[in-house]
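Asker: Keeping their order, the protein sequence lines are chains E and B. Counting along the first sequence from 1, when you hit position 118 you're at 118 in the numbering used here, and nothing is skipped either side. For the numbering used here, add 1000 to where a residue sits in the second sequence, where the first one is 1. Note that the Cβ used here is the ideal one computed from N, Cα and C, for glycine as well.
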Amino acid sequence: MHFLKHELRRNRKTTLIWSGAIGFMILLSMLMFPQMKNEADQMTELFSNMGIFTEVFGMDILNMAHALDFYGLEAGNMIGICGTIFAAWISVMSLAREEGDHTAEFLLTHPISRKAVVYTKLVSVVTAIVFFNVFSMFFGIFSFGVIGESFAWKEFLMFHVFELWMHLEIGCICFGISACISKNSLGIGIGFPLFLYFMNIFINISDKLSFLKYITPYHYAEPSTVISGEIPDVLPVLLGGIYGFLGVLTAFRVYQRKNIKA
Amino acid sequence: MHVIKTENLTKFYGKSRGITELSFSVDEGDIFGYIGPNGAGKSTTIRILLGLIAPTQGKAEILGLDCQKNTKEILKRVGYIPSEVFFWDYLRCEEVFALSAALRKCDCRKESQLLCERLALDPKKKVSELSLGTRKKVSIVCALQHKPDMYILDEPTSGLDPNMQREFWDLLHERNQEGATIFLSSHTLSEIQKHCKTAAIIREGTIQVKDKVESLSASNVKKVVIQGLSMLPPLQGIKNLQYREDKIVFLYQGKACELIGYLQGLPIMDITISDPELEEIYMHFYRREEA
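Written as structure tokens, this is what we have:
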């Protein structure tokens, strides 16, 4: 329990900064909505004439005159991209930073099993990701209140549930990677989510690449699908859970046998 | 009873050698010095004993428990001071002690306070503000506060000033008198000679010699440097003889009076007789093993 408190405290600052920054950005972007709403006809015409980008970003489905659709596009990008980078970053450095900062030797020469170390760090990472998502969601609700717009709760909650699921999937995969590396890797923390993000863009550009939806979580968490009330394919969602589970399993298996570097 | 026992302990990092077929034991209540040059395999041995790395082959036991299978049980009863000390920077010293004690599931506040007083350490200081020596003190408190049965120390006095070194050794001798066993890895021969009961010399991953420190000291090895001679007549006890430009350097093991008698009458311009360096002692034993 003491070690868990230590881990939570260690992640506290990073989690608060990311959550606060994204929450504030959501509020700022929603403050633009009243003006956008007044120019909705022009905006809809503009967005529908952006060629391939219209489909890529789901702007052919979302109606910018609707507050929730606007929220899906703006918050979807911020929570979707920045949130996954946050989840990947905090997860990939979780186990690896003990070796990178040379604190693994101190920690692992205490009577704590490696299994307990992995478990505690996993709880800490999941807590940070859940906090980030809940905080973002409350900022979203607050933003709607500030601009005086109502929204459909079901679609709103579905959007946030899929975002959370995506963050947990990427976080768990990166947690597995963290057990396999020996130093902090900012590159993986930023590169891996962006790689998956662009993979989803390719799906939206070409039907031939639709099989990639079984790899990238951005497809099932796409705001244009979730907010329009469509239920995403179940298989990619389930596969996302399996990938995340495999990441956690890898972390446990690798870390228990790992030779700790000095 | 053997508190540490290794059998054919071998570790390879890919193709590079860590240690090879290392077999030795440390008795209960001993202060055991583990000497060797950099890269000899000292840290590899310690890291296997502490369960941080797995051996390629062989077996290591501490307190009768297997170092790979019973790591948690072993670590409950071991205090470890690493050569290079790192903590989480944002913590204060007292938080490091509390975390270390909590991981051991014991309340060590009283003992850590006593240790801080003896080591002149301010527990309120943040780790990020500490010098190398003060961080070493924090490590000492963490290793000693739970009063373990076994201490594993890797260059424990590096960074400590002479006063603190003395205080540290006083603490260790007190713990040893209470029954604790101490395993000390060091480069400093004088430290080993002064404080250890038994010592082993390791080189290139294997133990060259292991004996009581008294026996090793009784070997009476001296380093002799002579100027003014081009050749040296034979004498029993001379080892590692080297002719270097204008001087002759050798190690001598034997009675001092015999050496002085032997040198009398030779056209010596200058002579130095001193204690050899660790590496030279090591070379002495290495050659003896080869012979």
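1. Below 8 Å on the Cβ atoms is my guess for E:I173 versus E:I85; work out the distance and round it to an integer in Å.
2. Check whether the stretch 1176–1196 of chain B touches the stretch 1223–1236 of chain B, taking contact to mean three or more Cβ pairs, one atom from each stretch, closer than 8 Å.
3. By the three-class DSSP mapping on this structure, what secondary structure does B:N1131 have?
4. Run the CB neighbour count on B:T1333, radius 10 Å, all protein chains shown included, and call it buried at 16 or more, exposed below.
5. Contact criterion: CB-CB distance below 7 Å. Does E:I147 meet it with respect to chain B?
6. Using a C-beta cutoff of 7 Å, does E:N259 count as contacting chain B?
7. Please tell me whether B:A1102 has its Cβ less than 7 Å away from any Cβ of chain E.
8. According to a CB-to-CB cut-off of less than 8 Å, which residues of the stretch 108–120 of chain E neighbour chain B?
9. What does B:Y1080 reach in chain E if we use C-beta pairs closer than 7 Å?
10. What separation, rounded to the nearest whole angstrom, lies between the Cα atoms of B:A1102 and B:C1108?
11. I'd like to know if B:I1053 contacts chain E, where contact means its C-beta is closer than 7 Å to some C-beta of that chain.
12. For B:P1037, does the three-state DSSP call read helix, strand or coil?
13. Please look up how many angstroms separate the CB atoms of B:I1226 and B:I1268, rounded, as I've assumed it's under 8 Å.
14. Look up B:P1151 in the DSSP assignment and give the residues it is bridged to.
15. Could you confirm whether any beta carbon from chain E is found closer than 7 Å to the beta carbon of B:E1289?
16. Out of E:H6, E:M64 and E:S94, point me to the one whose CA is closest to E:A251's CA.
17. What's the gap between the Cα of E:A65 and the Cα of E:V125?
18. With a threshold of 7 Å between beta carbons, is B:L1050 in contact with chain E?
19. Under 7 Å between the Cβ atoms of B:P1082 and B:L1009?
20. In three-state terms, what does DSSP make of B:L1216?
21. Going along chain E, which residues have a C-beta under 9 Å from B:L1075?
22. Is it right to say B:Q1208 is buried, meaning 16 or more other beta carbons lie within 10 angstroms of its own, or is it exposed?
23. Along the beta strand (DSSP E) that carries B:L1009, what are the first and last residues, could you check?
24. By how many angstroms is the C-alpha of E:H110 removed from the C-alpha of B:E1028?
25. List the residues of chain E that B:W1088 touches, going by C-beta distances under 8 Å, in chain order.
26. Counting only Cβ-Cβ distances shorter than 7 Å, please list the residues of the stretch 1171–1190 of chain B near chain E, keeping chain order.
27. Just tell me which of E:G20, E:L194, E:F70 and E:I22 has its CA closest to the CA of E:Q35.
28. Can you tell me whether B:I1053 is helix, strand or coil according to DSSP?
29. Contact criterion: CB-CB distance below 7 Å. Does E:H167 meet it with respect to chain B?
30. With 16 as the cutoff for other CB atoms within 10 Å, does B:D1030 come out buried or exposed?
31. When the Cα atoms are used, what is the spatial distance from B:A1256 to B:K1015?
32. Within the same chain, show all residues whose beta-carbon is closer than 8 Å to that of B:P1292, passing over the 5 residues directly before and after it, in chain order.
33. With H, G and I counted as helix, E and B as strand and the rest as coil, what does DSSP make of B:D1027?
34. I want to know whether the stretch 128–141 of chain E touches the stretch 206–219 of chain E - three or more CB-CB distances under 8 Å.
35. Counting Cβ pairs closer than 8 Å, one from the stretch 1082–1092 of chain B and one from the stretch 1131–1150 of chain B, do we hit at least three?
36. Would you kindly check if the distance between the Cβ of B:L1119 and the Cβ of B:L1153 is under 7 Å?
Answerer: On the basis of the coordinates in this document:
1. Contact doesn't hold; Cβ gap of about 13 Å is too wide.
2. Contact between the stretch 1176–1196 of chain B and the stretch 1223–1236 of chain B is absent: fewer than three C-beta pairs spanning the two stretches fall below 8 Å.
3. Sequence check: residue 1131 of chain B is Ser here, not Asn. It is coil, neither helix nor strand.
4. Residue 1333 of chain B is absent from the model: chain B starts at 1001 and stops at 1291.
5. No, E:I147 lies away from the interface with chain B (no Cβ there is under 7 Å from its Cβ).
6. Answer yes: the Cβ-Cβ gap between E:N259 and chain B drops below 7 Å somewhere.
7. At least one chain E Cβ lies under 7 Å of B:A1102.
8. Answer set for the stretch 108–120 of chain E: L108, T109, H110, P111, I112 and S113.
9. Neighbours of B:Y1080 on chain E, chain order: T109.
10. So the alpha carbons of these two residues sit roughly 9 Å apart.
11. Chain E contact via Cβ: present.
12. Reduced to three states, the DSSP call for B:P1037 is coil.
13. The C-beta separation of B:I1226 from B:I1268 comes to about 6 Å, placing the pair in contact by the 8 Å criterion.
14. The residue asked about is misnamed: residue 1151 of chain B is Tyr in this sequence, not Pro. Paired residue(s): B:G1079 and B:I1182.
15. Unreliable positioning characterises B:E1289 in this predicted model, as indicated by a pLDDT of 49, which lies under 50. The coordinate reading is nonetheless provided below. It does not: the Cβ of B:E1289 has no partner Cβ on chain E nearer than 7 Å.
16. Out of E:H6, E:M64 and E:S94, E:S94 has the C-alpha closest to the C-alpha of E:A251.
17. Whole-angstrom Cα-Cα distance: 37 Å.
18. Chain E, which has a Cβ nearer than 7 Å to the Cβ of B:L1050, makes this yes.
19. Contact: no.
20. Looking at B:L1216 - three-state DSSP - the assignment turns out to be helix.
21. Those within 9 Å of B:L1075 in chain E are L108, T109, H110, P111 and I112.
22. Buried is the call here.
23. Boundaries of the beta strand (DSSP E) harbouring B:L1009: H1002 to Y1013, taken from the DSSP string.
24. Rounded to whole angstroms, B:E1028 to E:H110 spans 22 Å at the Cα level.
25. Residues of chain E passing the Cβ test: H6, R10, D101 and T103.
26. Under the 7 Å Cβ criterion, the stretch 1171–1190 of chain B contributes no residue.
27. Distances from the CA of E:Q35 to each of E:G20, E:L194, E:F70 and E:I22 were compared; the closest alpha carbon is that of E:F70.
28. Here DSSP, grouped into helix, strand and coil, assigns B:I1053 to coil.
29. Residue contact with chain B for E:H167: absent (no Cβ-Cβ distance below 7 Å to any residue of chain B).
30. With 16 or more Cβ atoms within 10 Å of its Cβ, B:D1030 is classed as buried.
31. B:A1256 and B:K1015: Cα-Cα distance of roughly 46 Å.
32. Outside the displayed range of chain B (1001 to 1291) lies residue 1292 of chain B, so it cannot be described from this structure.
33. Strand.
34. No: fewer than three Cβ pairs fall under 8 Å.
35. With the cut-off at 8 Å, the stretch 1082–1092 of chain B and the stretch 1131–1150 of chain B touch.
36. Cβ atoms of B:L1153 and B:L1119: not closer than 7 Å.
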